[in-house]
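Residue numbers (numbering that gives the first Met the number 0): 0 to 439. Every residue, glycine too, gets a C-beta built ideally from N, C-alpha and C. Working notes, structure below.
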Amino acid sequence: MGQNNELNRTRRRFLRMLAGSPVLASSHLLSNSVSNLLAAGEVTEKSFLGWLENLQESNNVISSPDQALDVMDFEPAARKAIPPAHFGYLATGVDDDGTVQANRDGYSRIQIRARRLVDVEKIDMSVRLLNATWSSPIVICPIGSQKAFHPEGEVAVARAARAKDHLQILSTVTTSSLEDVISARGGPVWQQLYPTNVWEVARSIVKRAEAVGAPAIALTVDLQEGSNRETLFRAQRVDQRQCSTCHTGAYTGFARGRPGVSSGGFAEAMARKPMFNKLDLSKVTALHAVNTNWDFVKRLRDTVTVKLLIKGIVTREDAQLAVEHGVDGLIVSNHGGRAEETLRPTIESLPEVVEGVAGKAPVIVDGGIRRGTDIFKALALGATAVGVGRPHCWGLSAFGQAGVEAVLEILRRELRTIMRQAGTTSVDKISRSYVVTHTA
Ligand SMILES: Cc1cc2nc3c(=O)[nH]c(=O)nc-3n(C[C@H](O)[C@H](O)[C@H](O)COP(=O)(O)O)c2cc1C
């Protein structure tokens, strides 16, 4: 007994010393877990060894972007760099995170049929998308609150997008203003739209985006209130920091109905979100409006003078309706598996959406794209371009602009490689005949 107490004291002394040392200064995850261990009272052999194992693993994490072999290498680096609650926000799906996993798994059921003896010396990855040409089909998805990942947030992403000419779609809940992002991008960005439940607010966001030159608005329709983001909620529990020291209020609408979560004041939660600056939010109760329907799309279509896309379509029927309502493009998306637990990968929804639009509008797909071969498969199944969400935020979290650039560079390099290997010299040559779906 006495020996156990002595060991416990020694482990606690060691951990206290580590907690105050620069070794942990760069890792919120490790320093938080030390605090948790110390707060638990007894430091058992099991918890102590578990913690040491984490420390060892964290040593294998890349410490500069050029060490990364693939985009997945940035995920543990991001986990290490940012607070647990912020990482939880980035990582979370809903329920068991099954749809997040399904988005990945969908790609492993598709095989590539590589053609030989094609001159592939020159590879052209450029695409035409709504009257503009981009150097590659890799689009940066809208992701809210990017200053939770890095102080430069969306502006750092815009600079990375500029470096290699990527299309960036900016979230409505951006933490950098649209004007600053456009200036950092040095060119147009698309504006994503969460319409709220108040038409005048939606209209004002659209008009502001149009006025500063956004050539397209992407209305997100796949997120209702009440998503059960358990991974986020668990991460928030282990994060011992006071959120209010950095930001007042956080939007909890998606967690509505969860015990202990009040709906919160919308205006207060949006105080740091520049797209809502100076707008009358007194009647807004929801960011993702439950009352949005096809009449709303019609009204929006009549209001938007630039291109209008819908993000979050996953069925043939809705794709047909979208085209009938004059929509210019679709984004096949399940919000990266963080809206509802359908377990249906977006890559499996893509073919029916492509059929539904019948060539009348471009189709972008996102969700689970982590490899150049994933991009190739999506293009083969009819996508005009693909969206990348979490990976660019892993890069941003770990290394700022340089991390985002490195993530995009790896994806471009991998796409170029598979295009060469499969004998496709340009994106328009990547047709359905280059893939086969494995069903067993
Ligand atoms: C942290 C986070 C925040 C997001 N915020 C938004 C948003 O503000 N608007 C939106 O339309 N989609 C949002 N999405 C969904 C992404 O645009 C995209 O559909 C998804 O991340 C693609 O899946 P992937 O992360 O597996 O690449 C968000 C996704 C994540 C992970």
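With 16 other Cβ atoms within 10 Å as the buried cut-off, status of residue 4: Numbered from its first residue, the sequence shown carries residue 4 at position 5. The residue in question, residue 4, is exposed, as its Cβ has fewer than 16 Cβ neighbours within 10 Å.
CB-CB length for residue 396 against residue 81, believed under 8 Å: One-based indexing of the sequence shown puts residue 396 at position 397. One-based indexing of the sequence shown puts residue 81 at position 82. Their Cβ separation, rounded to whole angstroms, is 5 Å, which keeps residue 396 and residue 81 in contact under 8 Å.
Residue 365: CB within 7 Å of a non-hydrogen atom of ligand 1: Mapped onto the sequence shown, residue 365 falls at position 366. Set against 7 Å, the gap from the CB of residue 365 to the closest heavy atom of ligand 1 is smaller.
Buried or exposed (CB count within 10 angstroms, at least 16 for buried), residue 438: Here residue 438 refers to the residue found at position 439 of the sequence shown. Residue 438 is exposed by the Cβ-count criterion.
CB of residue 214 within 8 Å of CB of residue 189, strictly: By 1-based counting over the sequence shown, the position of residue 214 is 215. By 1-based counting over the sequence shown, the position of residue 189 is 190. Contact annotation: residue 214 and residue 189 have beta-carbon atoms nearer than 8 Å.
Any non-hydrogen atom of ligand 1 closer than 7 Å to residue 376 Cβ: Along the sequence shown, read from residue 1 onward, the residue named residue 376 stands at position 377. No, since every heavy atom of ligand 1 falls outside the 7 Å radius drawn around the Cβ of residue 376.
Residue environment, residue 167, which counts as buried when at least 16 other CB atoms sit within 10 Å: For this step, residue 167 is matched to residue 168 along the sequence shown. Classification for residue 167: buried.
Chain C contact for residue 364 (CB, 8 Å cutoff): Looking for chain C here will not work: only one protein chain is present.
Inter-stretch contact (C-beta, 8 Å, three-pair minimum) for the region 99-110 and the region 151-159: Too few Cβ pairs lie closer than 8 Å, so no.
Meets three-Cβ-pair contact criterion under 8 Å: the region 43-53 and the region 389-403: Because the criterion of three Cβ pairs below 8 Å is not met, the region 43-53 and the region 389-403 do not touch.
Residues near residue 325 in its chain [Cβ-Cβ closer than 7 Å; skip 5 each side]: Sequence index remark: in the sequence shown, residue 325 carries index 326 (1-based). Closer than 7 Å at the Cβ level, and outside the excluded window around residue 325, lie 300.
Same chain, Cβ closer than 7 Å to residue 327, five either side skipped, listed in chain order: Numbered from 1 along the sequence shown, position 328 holds the residue referred to as residue 327. For residue 327, where only same-chain residues beyond five positions count, the Cβ hits under 7 Å are 129, 306, 307, 308 and 360.
6 Å CB neighbourhood of residue 372 in its chain, flanking five on each side removed: Taking the sequence shown and counting its residues from 1, the one referred to as residue 372 is at position 373. Cβ neighbours of residue 372 beyond the five flanking positions: 417.
Any non-hydrogen atom of ligand 1 within 7 Å of residue 280 CB: For the purposes of this step, residue 280 is taken as residue 281 along the sequence shown, with counting starting at 1. No, the Cβ of residue 280 stays beyond 7 Å of every heavy atom of ligand 1.
Any 3 or more C-beta pairs closer than 8 Å across the region 171-184 and the region 268-275: In this structure the region 171-184 lies against the region 268-275, because at least three pairs of beta carbons, one per stretch, are closer than 8 Å.
Nearest-angstrom Cα separation, counted from residue 34 out to residue 165: Here residue 165 refers to the residue found at position 166 of the sequence shown. Here residue 34 refers to the residue found at position 35 of the sequence shown. Between the C-alpha atoms of residue 165 and residue 34 there is a straight-line separation of about 41 Å.
C-alpha gap between residue 131 and residue 39, whole angstroms: Taking the first residue of the sequence shown as position 1, residue 131 is located at position 132. Taking the first residue of the sequence shown as position 1, residue 39 is located at position 40. So the two alpha carbons sit approximately 57 Å from each other.
Local conformation of residue 2 per DSSP, three classes: Numbered from its first residue, the sequence shown carries residue 2 at position 3. Three-state result, residue 2: helix.
Contact test: residue 202 Cβ vs ligand 1 heavy atom, cutoff 7 Å: Translated into positions along the sequence shown, residue 202 becomes position 203. False, no ligand heavy atom lies under 7 Å from that Cβ.
Residue 110, DSSP secondary structure in three states: Numbered from its first residue, the sequence shown carries residue 110 at position 111. Note: residue 110 maps to strand in three-state DSSP.
Beta-carbon proximity list for residue 318, same chain, < 7 Å, skipping 5 on both sides: The residue given as residue 318 occupies position 319 in the sequence shown. Excluding residues within five positions, the ones whose Cβ falls inside 7 Å are 312, 329, 352, 355 and 356.
Reduced DSSP secondary structure (H/G/I, E/B, other) of residue 98: Position 99 of the sequence shown, counted from the first residue, corresponds to residue 98. DSSP places residue 98 in the helix class (H, G or I) of the three-state scheme.
Classification of residue 124 by the beta-carbon crowding that lies within 10 angstroms, buried from 16 upward: The residue given as residue 124 occupies position 125 in the sequence shown. The residue is buried, with at least 16 neighbouring Cβ atoms inside 10 Å.
Reduced DSSP secondary structure (H/G/I, E/B, other) of residue 425: By 1-based counting over the sequence shown, the position of residue 425 is 426. DSSP places residue 425 in the strand class (E or B) of the three-state scheme.
Any non-hydrogen atom of ligand 1 closer than 7 Å to residue 165 Cβ: For this step, residue 165 is matched to residue 166 along the sequence shown. Remark: the shortest separation between the CB of residue 165 and any heavy atom of ligand 1 does not fall under 7 Å.
Local conformation of residue 294 per DSSP, three classes: On the sequence shown, residue 294 is found 295 positions in, with the first residue counted as 1. Residue 294 sits in a helix when the DSSP states are folded into three classes.
Rounded separation between residue 293 and residue 114 - CA only: Residue mapping note: residue 293 aligns to position 294 of the sequence shown, counting from 1. Residue mapping note: residue 114 aligns to position 115 of the sequence shown, counting from 1. Distance from the CA of residue 293 to the CA of residue 114, rounded to the nearest whole angstrom, comes to 44 Å.
Beta-bridge pairing of residue 328 - partner residues as DSSP gives them: Within the sequence shown, numbered from 1, the residue matching residue 328 stands at position 329. The partner list for residue 328 (beta bridge, DSSP) reads 308.
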